[in-house]
Every structure is written in structure tokens, then in C-alpha cells.
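Visitor: The sequence shown begins at 219 in this note's numbering and counts up by one. All C-beta atoms in this analysis are idealised placements derived from N, C-alpha and C, irrespective of residue type, glycine included.
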Amino acid sequence: MDQLKLIVSGYDRYEGVEVNPSLEVARALAEQGVPALSSQDAGEDPLEGLDLQIRAVTLPISFGKAWPILHEAIEDFQPNIVISTGLKRSARSIALERCAVNLKDANTESGAGQSHASSQRVPIAPEGPAAYWTRLPLRAILHAFAQDNIAATLSSDAGTYVCNAVFYSLLNWTRSHPEVLAGFVSLPPVVDTVPATERTQGLPVQQQVRAGQDVVREVVRYYRRPSSGDMLIA
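#1: For the 8 Å Cβ check, are there 3 or more pairs between the stretch 278-285 and the stretch 345-354?
#2: Using alpha carbons as the reference points, say which of A246, I292, R231 and P347 lies closest to Q424.
#3: Report the CB separation of I368 from I312 in whole angstroms; it is logged as a contact under 8 Å.
#4: I need the DSSP call for S227, collapsed to helix, strand or coil.
#5: Taking the Cβ atom as the reference point for each residue, do L224 and I299 lie within a distance shorter than 8 Å?
#6: Note down, in chain order, each residue of its chain lying with its Cβ closer than 7 Å to the Cβ of S227, except the 5 sequence neighbours on either side.
#7: Between E397 and E345, what straight-line distance do the alpha-carbon atoms span, to the nearest angstrom?
#8: For the stretch 235-297, which segments carrying the alpha helix (DSSP H) assignment without a break, of at least 4 residues, lie completely within its bounds, in sequence order?
#9: Secondary structure at Y232, three-state DSSP: helix, strand or coil?
#10: Which residues bound the beta strand (DSSP E) around Y350?
#11: Hey, L255 and Y441: beta-carbon distance below 8 Å or not?
#12: Would you call V437 buried or exposed, if buried means 16 or more other Cβ atoms sit within 10 Å of its Cβ?
#13: DSSP has V319 in a bridge; who is on the other side?
#14: Considering Cα atoms alone, identify which of L360, S446, T392 and N390 is closest to T371.
#15: Span of the beta strand (DSSP E) holding I299?
#16: For V275 and chain B, any beta-carbon pair shorter than 8 Å?
#17: Using three-state DSSP, classify V398 as helix, strand or coil.
#18: Since A364 is in the alpha helix (DSSP H), which residue starts that stretch and which ends it?
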């Protein structure tokens, strides 16, 4: 039986947020795994005959601490796939991040609201490229979301805060580890029911967990059978 290792990361408690979807989704994926496709589902199940091991990693909302903790977990677990997640408070749906930019806000050190005197945006890696494209099969993931009636969108980038810094650092690391697939998925706030109007933001936590399972399944499918048609970066 083939074996694949996958890390899914989320963040510790966000200030003013009762339920953190990135924490809940990461934990659920590690504890529940990804269910096999039913006979009614179209297509081959990429998890068939596979020993898929999923480890959840919880990160602090800190520029200085988040990536080192994720990097340490990667070095210890040696995953084939790394999916990082975070909360995007303004999102109405799942946001698949296409690009990590080499910028961070110098006046926000952590989620605790600590700040520097300067509000200047500075590079994450002074010698690094301006941006990296995701290494996840976004087109296939969007198709899976559509089949499961999960609201989703493509996002140009993850901003200039900790989520983007982790995303950029992760993809920068994959430059020397091209065999590892990695990317970032932004999750919306948790609501009790599916939004009734476009002005309502968020998705129920169980729907977000289902979205996480779809992401894992499609990334595993792409890892096992790479296809350029599954990528969507523009």
C-alpha cells in the first residue's frame, strides 16, 4: 500500500473570534481523515489503496513564530503535501489563494496587536522573488467544491499579514523541495447556517470541514497523477 504524509496547518485563537475555522478544519482532518468516495460519486477515488497520514499543526499569529513552528513540523514529519489554512474575516466563502507576495506589514508583529513605529511594508525575504504561485490544483478543487455546493472563489493573494508570510515562506522552502506540493486556503468566518443573502459572511463549520476534505482529496489526486490541466494560476 502506498503511503502519503500530509500536514494541514491552522492558527491559534483569533482575537474576537469565537470559532476559528482554520483550527477546527485542521483538527477535523487529522482526527477524521478524508472519507472514501461513495459509489454514486463520479470518478476514481484517489485515496483508494492509500495510507494517508494527516498531521494538524497549530500556529501562533506571529510573524516571528509561525513559520519556524511549521518548518520544524515539516522537518520532523517529512510530508509529501502541506496545506496551510487561515481565517479571512471578510470572506463570504472559501478562498483559494493563488499567489504569495514577498511583503509584510512592518507595523504588525503579532495577533496581539503589537506594532512597530514604522507602518512600512517590508520584504519577507529580502533576496527572494516578488511572489510565488501556489502549487495546488485549484481548478480541480473548484470543480469538487461545485459538486458539493460549497461556495468558493479564487483570491489573488493572501494579503500582507501572517497568513501570507507563512504562505510565502512555505513556497520559498519548496524551491529546494520541489517534490512537495504546498499552498494556502483562506477560510471564512463560521456561521450556524448557510448565508441567506450575499451580505452575510461565512459558512457552517461542517461545510468548511467538507471543503477541507475536498482540498485534500484533489491535492492527493494531483500528487499521484500530475496534470497541468488541473492548475489554475491566472
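Guide: Quick look at the numbers:
#1: Because the criterion of three Cβ pairs below 8 Å is not met, the stretch 278-285 and the stretch 345-354 do not touch.
#2: Between Q424 and the set A246, I292, R231 and P347, the nearest pair of CA atoms involves A246.
#3: Contact between I368 and I312 is confirmed by a C-beta separation of about 6 Å, below the 8 Å threshold.
#4: S227 falls in the strand class under three-state DSSP.
#5: Contact: yes.
#6: The beta carbon of S227 is closer than 7 Å to those of A244, V275, L277, L288, S302 and T303 in its chain, skipping five residues each way along the sequence.
#7: Looking at the two C-alpha atoms, the distance is approximately 23 Å.
#8: The qualifying runs are 239-250 and 284-295.
#9: Y232: coil per DSSP, three-state reduction.
#10: Per DSSP, Y350 is one residue of the beta strand (DSSP E) stretching across A349 to W351.
#11: Contact: no.
#12: Under the 10 Å beta carbon count, V437 is surrounded by 16 or more other beta carbons and is classified as buried.
#13: Per the DSSP secondary-structure output, V319 pairs in a beta bridge with A349.
#14: Checked all of L360, S446, T392 and N390; the closest Cα to T371 is L360.
#15: That run of the beta strand (DSSP E) goes I299 to L305.
#16: Considering every chain present, this structure includes no chain B. It has just one protein chain.
#17: Shown here, V398 sits in coil according to DSSP, grouped into three states, outside any helix or strand.
#18: Here the alpha helix (DSSP H) through A364 covers L356 to Q365.
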